[in-house]
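Contents: one structure, followed by commentary.
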Amino acid sequence: MTTVRERLVKQCVKPVVAPVRDDQDDDGHRRDDQRGKRQERGKRDGKKREKKVKNDVSELREVDFLDKFISKMYGYQKELFAAKQNPLTARIRNILKSRQVGLTYYFAGEAFMDAVLTGDNQVFLSASRAQSEIFRSYIIAFAQSWFGLELTGNPIVLSKDGKPWAELRFLSTNSSTAQGHHGHVYVDEYFWIRDFEKLNTVASAMATHKKWRKTYFSTPSAVSHQAYPFWQGEKFRNSKRKAAKDPWPSDKQISAGALCPDGQWRKVITILDAIAGGCDLFDLEQLQLEYDEDKFQQLFMCKFIDSSQSAFSLADLERCYSDLSLWADFDPDDPRPYGNSPVWIGYDPSRTRDDATCVVIAPPLENGGKFRILEKHSWRGQSFKYQAEQVKKLTERFNVQHIGIDTTGIGYGVFDLVRDF
């Protein structure tokens, strides 16, 4: 009996386990489920999520460019493409062109396609940083609109099969930034580049190897420019060491596209050539009304300026060149482009075929400093009232301290209106 009683006492003093509530049971199941999911994710192939490769062109093929780019070329652009494909003419292409015939657009597309298909580096040299960025903007737009591909970086480094494939570099004519690179070189608007001979030495160094191409294209400037002998092939033609096997092509032959004895393939593309090649973007008659004969011939018919009779030599003007991107105190897109810093306005009115020209000048803040032309405006065939209104708009954007107007002849009419405000 004692033994039975002792057992009953021991059972009574054992701790009582409380019944499990429904909500506690649910919490336990939830924790178990979450733990199981984490374990499952950890076991999934034992791999981390792969990072998306930037600028990946692995899937692009030549046929992808056929519909988007090659089939949409104008006739003269097809000639440039054919010259690139021909081993005899590909090494150096030199093109004199009319304004706005789409060569920057075309060469950006050509270089992008070449980089994607071959893995070759592409180098763009322009007269200014802003100009070189036009190439980059075109290429980014091509990738997005043609293939839904977002390109990033500067330089743009294309990737293929997870590895670096080709570089596209966009440089201004500061030659120190161009040293050390190599690839196919495109020199844009080279007749407007200061110290062309120096730059050309750098461009040639980047394309020394026989696999690289050099492409020069520009609207003409003046016969006194350093690039003029380069276009004419004067150094080769005057060299006694390089006896030409073939005669130098005529102007007519070069206009059509010709391989010259110095190894350069030269071509001229006027506005008339562009129209004949299918470019329907121009109103020829309107342009002839808007520009005087000399300017029309230079901008659209590829005629050089004879600067021997000019008030200033081209060499003197070239020494005044500057790159807008270097001006940290000036933002042309800002409502107040020059902040509250003082400016002067100089204006030469006109109601004839000559332009009425207005410039906004930043005077130096210290004696001996440099004057900068921040903006230049031209108005043709407008009334005195219209011209005065444009000057007034400038006074609302800049802190104008002085306005100088040529009051000889018809200039007095504008002067009276400007004086009123």
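All you need for this note's numbering is the position in the sequence shown, starting with 1, plus 600.
Backbone N, C-alpha and C define an ideal beta-carbon position, used for all residues, glycine too.
| query | result |
| --- | --- |
| Would you be able to state if there are at least three C-beta pairs under 8 Å between the segment 715-731 and the segment 779-789? | yes |
| So S732 and D923 are supposed to be a Cβ contact under 8 Å. How far apart are they, rounded? | Not confirmed; about 10 Å, so no contact. |
| Determine, using beta carbons only, whether K814 and I692 come nearer to each other than 8 Å. | yes |
| If you follow the beta strand (DSSP E) that K814 is in, where does it begin and where does it stop? | 814-818 |
| What are the start and end residues of each continuous beta strand (DSSP E) run of 3 or more residues lying completely inside the segment 912-997, in chain order? | 942-948, 956-962, 972-979 |
| Between the beta-carbon of V757 and the beta-carbon of E767, is there less than 8 Å? | yes |
| Using the rule of at least 16 other Cβ atoms within 10 Å of the residue's Cβ for burial, across every protein chain shown, is E710 buried or exposed? | buried |
| Could you say which of P829, C958, Q886 lies nearest to E989 if we only look at CA atoms? | C958 |
| With 16 other CB atoms within 10 Å as the buried threshold, where does R936 fall? | exposed |
| Would you identify the three-state DSSP class for F1015, choosing helix, strand or coil? | helix |
| Please report how far the alpha carbon of G878 lies from the alpha carbon of Y674, in whole angstroms. | 6 Å |
| Classify D788 as helix, strand or coil using the three-state DSSP reduction. | strand |
| In whole angstroms, what is the alpha-carbon distance linking I793 and K845? | 32 Å |
| Are V960 and V991 closer than 8 Å when you measure CB to CB? | no |
| What does DSSP give as the partner residue(s) for I1003 in the beta ladder? | I945 |
| Please state the DSSP three-state secondary structure of K656. | Note on residue identity: the sequence assigns Asp, not Lys, to residue 656. DSSP places D656 in strand when its eight states are reduced to three. |
| With a threshold of 8 Å on Cβ separation, who are the neighbours of M806 within its own chain once the five nearest residues in sequence on each side are excluded? | V723, A778, H781, H782, G783, V785, W812 |
| Does the segment 819-834 come close enough to the segment 851-858 to have 3 or more Cβ pairs within less than 8 Å? | no |
| List the whole-angstrom C-beta distance separating F735 from A708, where the pair is believed to meet the contact cut-off of C-beta under 8 Å. | 5 Å |
| Using only the alpha-carbon positions, how far apart do D933 and F1015 sit? | 29 Å |
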